[in-house]
Structure formats: C-alpha cells, structure tokens
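According to our numbering, the sequence shown is numbered sequentially starting from 2.
This report refers to the structure that appears directly beneath it.
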Amino acid sequence: MVHRPVLLDEVMEMLDIKEDGIYVDATIGGGGHAEAILSRLSERGTLIGLDRDEEALKRVAQRIKDRRLRLLHLNFADMDRIPDLTQVKVNGVLMDLGVSMYQLKDEERGFSFYSDAPLDMRMDRRSTLTAWEIVNTWSRERIEEVLRGYADEKRAGAIARRIVQARQKRRINTCRELADLVMSVYRRRGRIHPATRTFQALRIAVNREIEALQDGLKAAVEILARGGRLCVISYHSAEDRVVKFFLRDAERQGILRRINKKPITPSEREKRENPSSRSAKLRAGERI
2 MVHRPVLLDE VMEMLDIKED GIYVDATIGG GGHAEAILSR LSERGTLIGL
52 DRDEEALKRV AQRIKDRRLR LLHLNFADMD RIPDLTQVKV NGVLMDLGVS
102 MYQLKDEERG FSFYSDAPLD MRMDRRSTLT AWEIVNTWSR ERIEEVLRGY
152 ADEKRAGAIA RRIVQARQKR RINTCRELAD LVMSVYRRRG RIHPATRTFQ
202 ALRIAVNREI EALQDGLKAA VEILARGGRL CVISYHSAED RVVKFFLRDA
252 ERQGILRRIN KKPITPSERE KRENPSSRSA KLRAGERI
C-alpha cells in the first residue's frame, strides 16, 4: 500500500524547517510527512514521532531507519509531558488528523463499513470504549447527538431510531450490519457511501478525538519555541472549527500569529491523484 502524505509541499512551506531544529510529528501515521521533514534536517536535527496507534509506530520503525527519529506511543494530547520537551522547546509541530489507510483497510480494527469485523474503531487498543458499546448500549438521544455533532449527519435522528429498534431484536455486532442498517435509512447510494458520516462520528466518539484535539493544540503551544510553527490538517467541519477558533483566540491573546486566516486546501490535481485528501484543510500559526 502506497502512503501519500496530504498537502506535503504546503506543510513543508508552512513548517519552515530549520536544519538543526527539533520537530514533532504528532500523528506520524504512515510516515510520509516524517520522511519529508527528515530530508530537510541536518545530522544535528531531531524529529519526534508520536502516534496513539502502536501498529502505526511499528510500520514506521520498519520503513524509516534514521537515528534522528524518535518514536513514542503517545496521544498528542500529552505531548507536553515528553521528558525531553519539558526543558527544550521545539521548532515545529505537525498534527495531521486524518485516519490512516492502514487502519481503514485492517478489517480487524472495525473502521470499514465493508467488513464483517466486530464494531471496534479504537485507535489505541489500550482504550476500553468501542463502537459496539455506543451502538448497543447508549441511548437514542445520545447516539443522535454523536451523529449530528461529530459528522453533521442530516438523518441522525432516523439513524439513531433505527439503531435502537434493531438492537431490541438482536445486538448489532459487525461493521457491515451497521452499514446495512444505515443504508436502509437512506435506501439508495450516492457517490459517497451513506454510512460514511455515521462511521466517522462513532470513530470520533470512541477515540475522544475532539477532546484530544483541544488538549493537543494547547500542548503544542506549550512546547513551541518562539518563532516555532504549528501546522494542523483537519478533514471535517467539527475538527476544523476547533482548530480555527483555537488559532484565532491564541492570536487575540498574543500567543500565536496566524500564518493563514483562510485554510489551505489541496489542488485539483492532488484531489484527483489522492481522493482521500479532498476534504483536507491546513491551518498554521507561529509562536510569538
């Protein structure tokens, strides 16, 4: 599987790499952005790669053999607790909030609506909450709130009702069962699978992604040196709102300077060559 980092040239320009600098790839994923950062660092430079998914770290460790790269199994919400960064500030932090294609294609992880895998969706296997628990035990009102709030699902109410009706007869155990249930609400398929937003919302809820993002943005600012850059790539409106308002408020407080007030989006060429990039938005700020 070929990993294509999203908005690569734009991210490198925004990070403004200093060759002897210290950088954090807070969501190292497939390692594409990490490779590009390392290619711009001197022998004295350092890249710290974080990921809450231990499998992602193992893949990167096999792919990238470089003594300048340190890999840590850590949620980016806790990056300000990295021992080496409590006294040394960094020159840049990248947060790519996308889900890795490796995760989506791994049927055991329960992210894909095409699989018969159990409903899981945990990025960090150490977590206890799963999509199965949400779908089979949470109230109709709470499920509707998740679908509407995290994915702007217009049929959130109807889908939540259908889930509760179905589980009264038997548990909803697999990804395909849930996807078929959502399909029954929509009745027909468009260009995008009808279950896309439902699965997105459940993934966000399972992994507490919005809360982690809010904490991660604060942690990133804490470890940035003056003039250091924070770059964030988001993929849906709930994430982008958090990033937008955080950068705006940090600028008003004199903490950051926004580098771009309007998000940078992929070119038409990139969207054709890498369809998973089509909803990406890049925002960046510089520590004052």
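All C-beta atoms in this analysis are idealised placements derived from N, C-alpha and C, irrespective of residue type, glycine included.
The model shown is predicted, which means the values in this text are computed figures rather than measured ones.
State the start and end residues of the unbroken alpha helix (DSSP H) segment that holds residue i.
i, result
"S238", "238-253"
"D10", "9-16"
"L58", "55-64"
"R270", "269-274"
"G150", "141-152"
"R259", "Note, R259: premise wrong, no alpha helix (DSSP H); beta strand (DSSP E) at 257-259."
"G158", "157-170"
"I23", "Taken as a continuous stretch (DSSP letters only), I23 belongs to no alpha helix (DSSP H), being part of the beta strand (DSSP E) at 23-26."
"G32", "Neither: G32 is in no alpha helix (DSSP H) and is coded neither H nor E."
Label residue i either buried or exposed according to how many other C-beta atoms from any shown protein chain fall within 10 Å of its C-beta, with 16 as the threshold for buried.
i, result
"K282", "buried"
"T28", "buried"
"E240", "buried"
"I193", "exposed"
"D121", "buried"
"F247", "buried"
"S43", "exposed"
"Y115", "exposed"
"S278", "buried"
"G99", "buried"
"R298", "With the chain covering 2 to 289 only, the question about residue 298 has no answer from this structure."
"R204", "buried"
"E271", "buried"
"E274", "exposed"
"E269", "exposed"
"E134", "exposed"
Assuming residue i contacts residue j (C-beta within less than 8 Å), just tell me the rounded distance between them.
i, j, result
"M80", "G191", "39 Å between Cβ atoms; not a contact."
"L257", "I289", "6 Å"
"A213", "A78", "4 Å"
"V244", "S235", "5 Å"
"A180", "A157", "Not confirmed; about 16 Å, so no contact."
"M96", "A221", "7 Å"
"V89", "V25", "Actually they do not touch by this definition, with Cβ atoms about 11 Å apart."
"A251", "G229", "In fact, because the Cβ distance is near 13 Å, the residues do not count as touching under 8 Å."
"R177", "D117", "5 Å"
"L1", "P267", "The shown model of the chain, from 2 to 289, leaves out residue 1, and the question about it has no answer."
First and last residue of the beta strand (DSSP E) that includes residue i?
i, result
"N137", "Not the beta strand (DSSP E): N137 falls in the alpha helix (DSSP H), residues 132-138."
"I234", "225-235"
"K282", "282-288"
"T47", "47-52"
"L72", "70-74"
"M96", "91-97"
Under 8 Å between the Cβ atoms of residue i and residue j?
i, j, result
"L70", "L51", "no"
"V186", "R163", "yes"
"L72", "C232", "no"
"G30", "R5", "no"
"E11", "I265", "yes"
"G46", "E20", "yes"
"H74", "E56", "no"
"L148", "A167", "no"
"P119", "N174", "yes"
"T131", "R123", "yes"
"R60", "N76", "no"
"Q201", "Y151", "yes"
"R41", "I23", "no"
"R188", "E154", "no"
Taking only runs of the alpha helix (DSSP H) that begin and end inside the stretch 182-220, which ones reach a length of at least 4 residues, in chain order? 197-207
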